[in-house]
Every structure is written in structure tokens, then in C-alpha cells.
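In this text, residue positions in the sequence shown follow my numbering: the first is 170, and each later residue adds one.
Below is one structure, written out as C-alpha cells; the observations come after it.
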Amino acid sequence: MRYVTSTIAAFTLASAVSVFAQEQAPAQPPAKEQAPKSTLTGCVVQAKTTYGGTAFVLTKVQGGSASMYVLGGSSQTDWSANVNKKVEVTGPVQEPPNADKDSAPDPKVVRPPTVVVESVKVVAQSCQ
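Dropping the structure here:
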């Protein structure tokens with residue numbers, strides 16, 4: 170009888186510890202879905218933003234669904250050396266954030282998708 174009581178007590182204690190550990194474990198955040206990687210070829214140009222800053226853009230794009238993409242993921246000094254060169258870039262594409270829903274979109278403002286560049290290869294020294 171003592172053996173049965175000890176077994177039941179051990180099982181109850183183990184169950185309680187298991188439940189307590191599950192409650193104390195930090196919740197794992199859901200895996201963030203990442204856009205599939207794309208390979209795009211085009212010409213690097215320097216553009217002014219609406220806020221007065223500088224952005225580097227891939228134009229005359231081949232291999233994508235848009236005609237231009239903002240180049241992200243690298244510092245601007247890396248892109249300045251490739252202005253007016255034809256490059257091949259690989260990385261996930263992110264769609265632009267939605268504009269303010271309360272106002273009409275400004276037709277003078279272009280919001281192309283961004284490619285988060287993971288690799289760059291110069292294909293030609295000019296965009297001709």
C-alpha cells in the first residue's frame with residue numbers, strides 16, 4: 170500500500186511541476202513570414218525623397234513585377250559607387266506601406282516596393 174501511495178504522490182508532483190513549467194515558459198512569438206527572395210536586374214539611380222533625403226532606386230527592372238524598386242539593406246555609400254551601373258540584386262521584396270486612408274494619394278509621390286538587398290553583382294559598367 171505504501172508503494173501505491175508513493176507512486177501516486179510522485180506522479181501528482183511530476184504533473185504539477187510539468188504544468189507549472191508550461192505556464193512559466195515564455196511564449197514563442199509566431200514565426201514572421203518573410204517574403205520570398207527575388208532576383209532583379211536594373212540600373213541604380215540616386216533619387217530625392219519627399220522628406221529631402223536621398224534614396225537609391227533600381228530602375229529599368231527586369232525580373233520583377235514593378236518598373237522600379239527602392240534599394241534597402243545596404244548603406245548609401247555602397248550604392249553611390251554603383252550609380253548609373255547595371256546590377257543584379259537578390260533579396261526579399263517588401264510592398265510599400267499603405268498611404269493615409271483619410272486623404273487622397275498624391276499623384277506626384279511614387280511609392281515603389283523595396284528590395285532588401287542581400288547580394289549585389291555588377292552586370293555592366295553603364296546602363297546603356
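Using N, Cα and C, we set each Cβ at its ideal position, and we do this for glycine too.
Model, not experiment: these values are computed from the prediction.
In this structure, Pro265 sits away from Ala235, with a CB-CB distance that is not shorter than 7 Å. As the crow flies, the alpha-carbon of Gly222 is around 14 Å from that of Val214. Secondary structure of Ser249 (DSSP, three-state): helix.
Judged by DSSP in its simplified three-state form, Lys255 adopts strand.
Distance between Asn253 and Val291, taken at the CA atoms: about 11 Å. Val284 is positioned such that its CB atom lies closer than 7 Å to that of Gly260. In the structure shown, Ala204 adopts coil according to DSSP, grouped into three states.
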